[in-house]
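Undergrad:
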Amino acid sequence: MRTEDLLAAIATGLWRWDSVSGAVSYDAEAARLVGLPAEAVTLPEAAARACFHPADWLEVKAIVDLAVAEGTLAEARLRIVDEKGTVLRTVRTRSRPIARGGSEDGYYLLGTLQEVPDPLPGTSAAGPPVTGDWRRNREAFLLDAGRALAEAMSTAEVLRVAAGLSMPGFSPEGLAVFGVQGERISVIGHHGPRTGADHPFHDIGLGTDYPAAEVVRTGRAVYLPTPEEYRGRFPAAWSLGRPRKRRSWAFLPLIVAGRTIGAWMAGFAHPVSFSPDERSVLTTIARMLAQALSRTALQETERELADGLQRSMLPASKPDIPGLTVAARYVPTGGGLQVGGDWYDVIGLPSGRTALVIGDVQGHDVRAAGIMGQLRIAVRAYASEGHHPDAVLSRASRFLAGLSAPDGADGPDGRYDPRFATCLYMEVDPVAGTLDIARAGHPDPAVRLADGTMMVRPTAGGLPLGIDPDTDYPTTRVVLEPGETLLMCTDGLIETGGHDLETGWDRIRKVFERPATVTNDSGTLPSDGLPSDDLDSDDLEALADSLVQAVHGPPSHHTTGPLADRREDDIALLLIRREAEVCLVGPGSAPVRRTAVTVAQAEPERIAGTRQQLRDMLHDWADPDQVESAVLMLSEMVTNVLVHTDGDALLVAEVSGRHGARRLRLDVADSSDELPHRRRPGELASSGRGLLLLEMLADSWGVDPRGDGKCIWYELYEAAPDGAAPSSPPDGA
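See the structure below:
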């Protein structure tokens, strides 16, 4: 009897599909089963497709693709429909792909067709339904799993997602991910009753008789639906692993760009037949898992490279400066290799003092990081030679200008790529508390006074480094009082998120001025109105974290649009706090705000900066009219020094006392011995009203002769904003 006659006798038809031409051939029985006349026929793919339910045809295509990829048997159920779409019968097909001969790509798919009988009344249909909730659940599961794997940012997160997969209808009881290292494979992630180190196949050779090793060697999945099949195919692995509760196993290759990077094992506590639908789900998960692991491995390699490069260019250890507490942070930009041109450094000087440097090279790429490293070394070398701050920056500017010259280093595409850098260089005397500052186009430092008030300290400066080799960098001396904290930062901390200098400093102010707690013999007290003299290094570290969090953390996400949070620039910051003597905080004590500014003859424009500093000192003064009066008198006194003398004006402002009963004392000293004279200016006179303004606006004022000049001063006592009489001066005034 011929094979065709035998198959026809048991109502089984034969069919063949040519993947190249798309032609589908049926024998007589197969043609009858698909609703055609019972005779052998060859149809184009479109005509053959019309015999099946559209949803089932799409499923068959996916199952066939899976069988071709794995080289396994394809099995599916199909509904046969007529021209009106009425279901005539359900058939089951089993097929296997066979490669075409010759040099042509493609394959033949050879298979059988059998009719599936309708279930008897009172019984359920055998086998899984062709369509239904399981398919919809599968699609939803794959979408969720794909999204979770795509959002994972590290290998640990990918493995955590893989361990939490709950597949529809056949959730695995244990999972393991194997990675390839040379000629060996090892468990890189495991979920189940055993830990990774205790896994019997934690580290095995590729030649081992173990399913995962075979999968890596061949690149094909291994399905073991029963313990008997596992024991029969892999006896050595079965005896070594001694699986107890699991009844089925699936081992799938992790393939990326045609290269097998590992294997994935799913073990089931219940029997699984690994139907085409189930194998399709497992294969899809394996592909997504392989892509996620490859992506995160590349990202971690780049991140490790960037971190190593950046760490090599930053101080190796936390600086230890007697009398000062220092905290530092560097946060790279979120894009690319996460390297950039920001840096900070702490340098010991031959004089015994310490230099603090912070800078920012233009750009956020590898070239910027390279220039930053060269510039950092140059600044450290010039400082170690004992040069003053102005000379250090002048030499650094000439160095960078020569480095970026047309005959020097070019950009990656061979074109001229000049770079500049901003820098703030500070020489610290921790004993006297003096800071000699030279600035090259960098943001000014900010100081938090002992009572928590933040003030931006204007300093003289020059052009950014590398623009003009002959630029001078004047030095500004600032006194850091005991208990005060100074902030040096790059513009990334200020301007990230679309802020300008004004709005950026306002954002920082909210964190920098945040009340801390102080401790005395009576316990811990809120620092509202009390000096925070006893903040330790941990508190300074927490403040550094808070400043970064204000830019990159959740508090910055409430704003949308142009000021939305974006990790678009590097951030580097240094916090320096001068330690204060330990003292008890009594009920009668009060914090003191103090600032000192020098206005040179050649810098009359700095008068505007001194006015703003005074407004910052008096930001919580009770009467705004008194603040404006204080600013007016300050402007008049400093202007008189610049106009009527040949020297500079030294301004010292101090606010003392408790809130509501404070005193402002402002001294302006100069080197001239000539005392001011009261005049009677006419209506059209443009000068001569300085002393009259002091008499009208100040609560007290005077002129004190000194050995090297004179000092004119005034005092204001805080008054209620409704015009009530000024408070009495504090004790000792």
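Reading the sequence shown from the start, the letters are residues 893 to 1625 in my numbering.
Backbone N, C-alpha and C define an ideal beta-carbon position, used for all residues, glycine too.
Source: prediction; values computed, not measured.
(1) Under 6 angstroms Cβ to Cβ from GLY905, same chain only, skipping five residues before and after it: list those, please.
(2) Alpha carbons only, please: which of ALA1220, VAL1491 and THR1382 is nearest the one belonging to ALA1434?
(3) For ALA1105 and LEU1098, what's the separation of their Cα atoms in angstroms?
(4) Of all the alpha helix (DSSP H) runs that stay within the bounds of the segment 1313-1339, which reach a length of 4 or more residues?
(5) Could you pull the DSSP bridge partners for SER1686 from this structure?
(6) Under the three-state reduction of DSSP, which class applies to LEU1034: helix, strand or coil?
(7) Can LEU1216 and ARG1470 be called in contact, C-beta distance under 8 angstroms?
(8) Within the continuous beta strand (DSSP E) that includes TYR1102, where are the two ends?
(9) Residue range of the beta strand (DSSP E) that LEU1005 falls in?
(10) For my contact list, THR1326 and ARG1369 are in at a C-beta cut-off of 8 angstroms; report their separation, rounded to the angstrom.
(11) For THR1537, which residues from the same chain have a beta carbon less than 8 angstroms from its beta carbon, with the 5 sequence-adjacent residues on both sides left out?
(12) Just the C-alpha distance for ALA1054 and GLY963, rounded to the nearest angstrom, thanks.
(13) Sorted by chain position, which residues of the same chain lie with C-beta nearer than 8 angstroms to PRO1127's C-beta, five sequence neighbours on each side aside?
(14) Compare the beta carbon distance of VAL1403 and LEU1378 with 8 angstroms and say whether it is the shorter of the two.
(15) If we ignore side chains and look at the alpha-carbon of each, how far apart do ARG1581 and ALA1324 end up?
(16) Can you give me the Cβ contacts of LEU1181 inside the same chain, cut-off strictly under 8 angstroms, excluding the 5 residues immediately before and after it?
(17) Would you call the segment 1271-1281 and the segment 1230-1246 in contact, with 3 or more CB pairs under 8 angstroms?
(18) Out of LEU970, THR1110 and SER1046, state which residue places its alpha-carbon closest to the alpha-carbon of VAL983.
(19) In the DSSP assignment, the alpha helix (DSSP H) including GLY1396 goes from what residue to what residue?
(20) So what's VAL912 in DSSP terms, helix, strand or just coil?
(21) Please name the residue, chosen from VAL1320, PRO1366, PHE1312 and PRO1310, that lies closest to ARG1634 on a Cα-to-Cα basis.
(22) Note down the Cα distance separating PRO927 from ARG981, rounded to an integer number of angstroms.
(23) In whole angstroms, what is the alpha-carbon distance linking LEU1465 and ALA1494?
(24) On a Cα-Cα basis, can you pick out the residue from GLU1546, LYS953, ILE1463 and ALA901 that is closest to VAL1253?
(25) Take THR1175 as the anchor and find which of ARG1112, SER1131, THR1193 and SER1165 has the nearest alpha-carbon.
(26) For HIS1083, name the three-state secondary structure that DSSP assigns.
(27) Short of 8 angstroms in beta carbon distance, which residues of its chain neighbour ILE1269, apart from the five on each side in sequence? Order them along the chain.
(28) Is the CB-CB distance between VAL1491 and ASP1540 below 8 angstroms?
(29) Return yes when the Cβ of ILE1329 is within less than 8 angstroms of the Cβ of PRO1281, no when it is not.
(30) For ALA968 versus VAL952, is the C-beta spacing smaller than 8 angstroms?
(31) With 16 other CB atoms within 10 Å as the buried threshold, where does ILE1263 fall?
(32) Report the option in GLY1396, ASP1600, PRO1242 and MET1525 whose CA atom is closest to the CA atom of LEU1584.
(33) DSSP puts CYS1381 in a beta bridge; with which residues?
(34) So GLU1319 and ARG1399 are in contact, right, with Cβ under 8 angstroms, and what is the actual spacing, rounded?
(35) In the structure shown, what three-state DSSP assignment does PHE1291 receive?
(36) Which class does ILE1359 belong to by DSSP, given the choice of helix, strand or coil?
TA: The short version:
(1) Once the five neighbours on either side are set aside, the close Cβ partners of GLY905 are ASP919, GLU921, ALA922, LEU925 and LEU1005.
(2) By alpha-carbon distance to ALA1434, the top candidate from ALA1220, VAL1491 and THR1382 is ALA1220.
(3) Answer to the nearest angstrom: the Cα atoms are 5 angstroms apart.
(4) Taking only runs of at least 4 residues, no alpha helix (DSSP H) segment lies wholly in the segment 1313-1339.
(5) Missing from the structure shown is residue 1686; the chain here goes from 893 to 1625 and no further.
(6) Looking at LEU1034 - three-state DSSP - the assignment turns out to be helix.
(7) Against a cut-off of 8 angstroms, the Cβ pair of ARG1470 and LEU1216 comes out as a contact.
(8) First-last for TYR1102: undefined, no H or E at that position.
(9) Following the DSSP letters along the chain, one finds LEU1005 inside the beta strand (DSSP E) bounded by residues 999-1007.
(10) In this structure THR1326 touches ARG1369 by the C-beta definition: roughly 6 angstroms separates them, less than 8 angstroms.
(11) Around THR1537: ASP1562, SER1563, SER1564 and GLU1566.
(12) Cα to Cα, ALA1054 sits roughly 26 angstroms from GLY963.
(13) Within the same chain, ASP1101 come within 8 angstroms of PRO1127 by CB-CB distance, once the 5 residues on both sides are set aside.
(14) No.
(15) The straight-line gap from Cα to Cα measures roughly 39 angstroms.
(16) Taken in chain order, the residues that qualify are LEU1041, VAL1050, ALA1054, VAL1069, LEU1146 and TRP1156.
(17) A contact is defined here as three or more CB-CB pairs under 8 angstroms, and the segment 1271-1281 meets this definition with respect to the segment 1230-1246.
(18) Looking at LEU970, THR1110 and SER1046, the one whose alpha-carbon comes closest to that of VAL983 is LEU970.
(19) Run containing GLY1396: 1393-1404, per the alpha helix (DSSP H) assignment.
(20) The answer is coil: DSSP assigns VAL912 none of H, G, I, E or B.
(21) Coverage of the chain is limited to positions 893 through 1625, which leaves residue 1634 absent and any answer about it impossible.
(22) Reading off the sequence, residue 927 comes out as Gly, not Pro. Linking GLY927 to ARG981 through their CA atoms gives a straight-line distance of about 9 angstroms.
(23) Each residue's alpha carbon lies about 32 angstroms from the other.
(24) Comparing Cα-Cα distances from VAL1253 to each of GLU1546, LYS953, ILE1463 and ALA901, the minimum goes to ILE1463.
(25) For the residues ARG1112, SER1131, THR1193 and SER1165, the minimum Cα distance to THR1175 belongs to ARG1112.
(26) Three-state DSSP puts HIS1083 in a strand.
(27) Within the same chain, ILE1269 has no close Cβ partners at all.
(28) Result yes, Cβ atoms of VAL1491 and ASP1540 sit closer than 8 angstroms.
(29) If you check the CB distance, PRO1281 and ILE1329 come in under 8 angstroms.
(30) With a cutoff of 8 angstroms on beta-carbon distance, ALA968 and VAL952 are scored as near each other.
(31) Answer is buried; the Cβ neighbour count reaches 16.
(32) Among GLY1396, ASP1600, PRO1242 and MET1525, the Cα nearest to that of LEU1584 belongs to MET1525.
(33) According to DSSP, CYS1381 bridges with LEU1465.
(34) Not quite, the Cβ-Cβ distance comes to about 29 angstroms (not below 8 angstroms), so this is no contact.
(35) Note: PHE1291 maps to helix in three-state DSSP.
(36) In the structure shown, ILE1359 sits in coil (DSSP, three-state: anything other than H, G, I, E or B).
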